[in-house]
Amino acid sequence: MNRFLRIVTVILVALTMLVGIGIYQSMAGSAEGKGIFASKKCGDCHLMAGPNTDKTFADKLNRKGPDLWFAGSKFKKDWLEGWLKNPKPIRQMEYNSIEKKNSGNHSKLSDKEAGDVTAYLMTLKSKDVAEGVVKEGPNIQGKIAFEKKQGCYGCHPVTKAGKVVGGLSGPSFVDAGKRLQGDWIYAYLKNPKSLIPVKRMPTYAGILNDADMKNVAQYVTTFK
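If you want it as structure tokens, here you go:
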């Protein structure tokens with residue numbers, strides 16, 4: 001029995017050390033990522049300190065890129081790291097434009113830089129995005145609300161029957177399930193002004209009920 005306890009103790013100590021090393025490496029990567037982010041002047045385009053205080057569209061038009069102060073609540077880590085290594089346009093049109101096509105000239109990061117910057121961005125979270133609310137997986141009610149009640153693909157490109165269809169004024173929902181966390185989608189639908197106070201997208205509170213919003217958020221997680 002004593003030998004068994006010693007083995008268990010050794011295993012627990014080893015696991016604790018591994019967890020500690022992982023936490024340390026993550027913290028170190030986050031610190032380095034913050035430095036890389038600053039050195040490349042990424043904050044010139046992206047709002048990093050929230051909440052967003054825009055009051056008018058004139059305020060919004062001064063921004064060159066989307067807010068990132070809630071990046072850790074919005075994006076999935078693996079997708080974000082991959083995108084930073086090989087960025088491709090998420091919007092067909094330039095940010096804040098409905099006329100000028102997105103040139104897709106976002107700078108690329110090396111593997112090490114992308115990993116460190118991702119570690120940093122994933123620490124940026126909004127208190128208004130509760131975690132663990134929306135599960136991933138098919139949701140027929142969400143599909144009906146997305147396609148029939150609101151026709152979200154009128155603004156957002158989506159994949160239907162193997163083809164990309166939909167409008168160009170909003171960010172693409174092709175593969176959105178790889179990119180977005182369901183909890184963020186739900187929080188944004190429920191209380192958009194807490195995240196992006198000035199926007200073109202309609203406010204759905206009072207149009208969709210709470211269950212509809214959760215269902216739509218879950219449905220979007222299947223876009224992969």
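The sequence shown begins at 1 in the numbering used here and counts up one residue at a time. Every residue gets a Cβ at the ideal spot worked out from N, C-alpha and C, and that includes glycine.
Going straight from the alpha carbon of residue i to that of residue j, what length do you get?
i, j, result
"S30", "K148", "42 Å"
"L208", "E32", "42 Å"
"E136", "Q181", "9 Å"
"D128", "V220", "20 Å"
"D212", "T203", "14 Å"
"V216", "Y186", "8 Å"
"T159", "G177", "12 Å"
"K106", "P51", "First, the residue type needs correcting, since residue 106 is His and not Lys in the sequence shown. In a straight line, the C-alpha of H106 is about 24 Å away from that of P51."
"G65", "N191", "21 Å"
"T56", "I196", "12 Å"
"Y153", "E81", "27 Å"
"P138", "T222", "6 Å"
How would you write the range of the beta strand (DSSP E) that residue i sits in, first residue to last?
i, result
"T159", "158-160"
"K163", "163-165"
In this structure, how does DSSP classify residue i when only helix, strand and coil are distinguished?
i, result
"A205", "strand"
"L121", "helix"
"L189", "helix"
"L195", "coil"
"E113", "helix"
"Q141", "helix"
"C155", "coil"
"A38", "helix"
On the DSSP bridge list, what partners appear for residue i?
i, result
"K101", "M93"
For the alpha helix (DSSP H) holding residue i, just list the boundary residues, first then last.
i, result
"E81", "77-85"
"S73", "71-74"
"L61", "57-61"
"K178", "176-179"
"Y219", "210-220"
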